[in-house]
Amino acid sequence: MELEKIGKFIKEMRKEKKLTQIELAQKLEVSEKTISKWECGNGFPDTTLVLPLCKELGVSANELLCGEKISGNEYKEKAEENIIALNLDIERKTKFLLTLEIVLGLFSTIILVAAVLSAGLALLPVWARIVLIVFGFVCFMFGVHFCLVIEKDAGFYECQHCHNKHVPTLKQTYFAMHFGRTRYMKCPKCKKSSWQKKVVK
Ligand SMILES: [Zn+2]
357 MELEKIGKFI KEMRKEKKLT QIELAQKLEV SEKTISKWEC GNGFPDTTLV
407 LPLCKELGVS ANELLCGEKI SGNEYKEKAE ENIIALNLDI ERKTKFLLTL
457 EIVLGLFSTI ILVAAVLSAG LALLPVWARI VLIVFGFVCF MFGVHFCLVI
507 EKDAGFYECQ HCHNKHVPTL KQTYFAMHFG RTRYMKCPKC KKSSWQKKVV
557 K
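The sequence shown begins at 357 in the numbering used here and counts up by one.
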């Protein structure tokens, strides 16, 4: 996605509709700063805002993603290019998040081990040992929590029975039996339980 080009296009179309940044922001229930961010090419609307924005600007999602008006015969080709680019973008973000999860998991485990070891080995008063151990556990629990939030949101889980891909609830992610990233969960579509693998797309 060429954010700068898209930003200019948003601005151009907004002016064509004779809307100020504030007016457009109010219609979309976002801040004026958000609109200005998009127009400067420093960000792209959330998925939920893409269609409302297109409606206000009188353009198609395809045109918004291209950052230009598209004529009839180019339309399909451009749409396909956009879908591929969007998928690559999502895939890249998912892979980044999954790597971040590993780093976060390792880091919080190291803090826990270091805290417990120092509490056991260093010459410290009892209260300091307790503080260290509590600190280690709190860091570890926070780490695990954020890992699980990433685990839930990045990519999908694939049902082995019907191959439906779904995003589980946080509760499911927390409590399902798991082996690495494979979790034993119930499929929301066919309602059967299976060992579901994490898939990026
Ligand atoms: Zn299923």
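Yeah, the Cβ is synthetic: ideal placement off N, Cα and C, and Gly gets one too.
Query                                                                                                                                                      : Result
What is the DSSP secondary structure of residue 400, reduced to helix, strand or coil?                                                                     : coil
Is residue 483 buried or exposed, if buried means 16 or more other CB atoms sit within 10 Å of its CB?                                                     : exposed
Any idea which residues DSSP pairs residue 535 with across the strands?                                                                                    : 538
Tell me whether residue 554 counts as near ligand 1, meaning its Cβ is closer than 7 Å to at least one heavy atom of that ligand.                          : no
When DSSP labels each residue in this structure, what does residue 555 get in the three-state scheme?                                                      : strand
Going by DSSP, name the residue or residues bridged to residue 514.                                                                                        : 521, 553
Please determine if the stretch 443-458 and the stretch 497-515 are in contact, where contact requires at least 3 C-beta pairs separated by less than 8 Å. : yes
Hey, residue 400 and residue 369 are a contact pair by Cβ (cut 8 Å); roughly how many whole angstroms apart?                                               : Not confirmed; about 15 Å, so no contact.
Would you tell me roughly how many angstroms separate the C-alpha atoms of residue 532 and residue 540, rounded to the nearest one?                        : 6 Å
Examine ligand 1 and report whether any of its heavy atoms sits within less than 7 Å of the Cβ of residue 521.                                             : no
Given the structure, does residue 534 come close to ligand 1, in the sense that its CB is under 7 Å from one of the ligand's heavy atoms?                  : no
By the 10 Å Cβ neighbour count, where 16 or more other Cβ atoms means buried, how is residue 404 classified, buried or exposed?                            : exposed
Quick one: grab the DSSP three-state call for residue 369.                                                                                                 : helix
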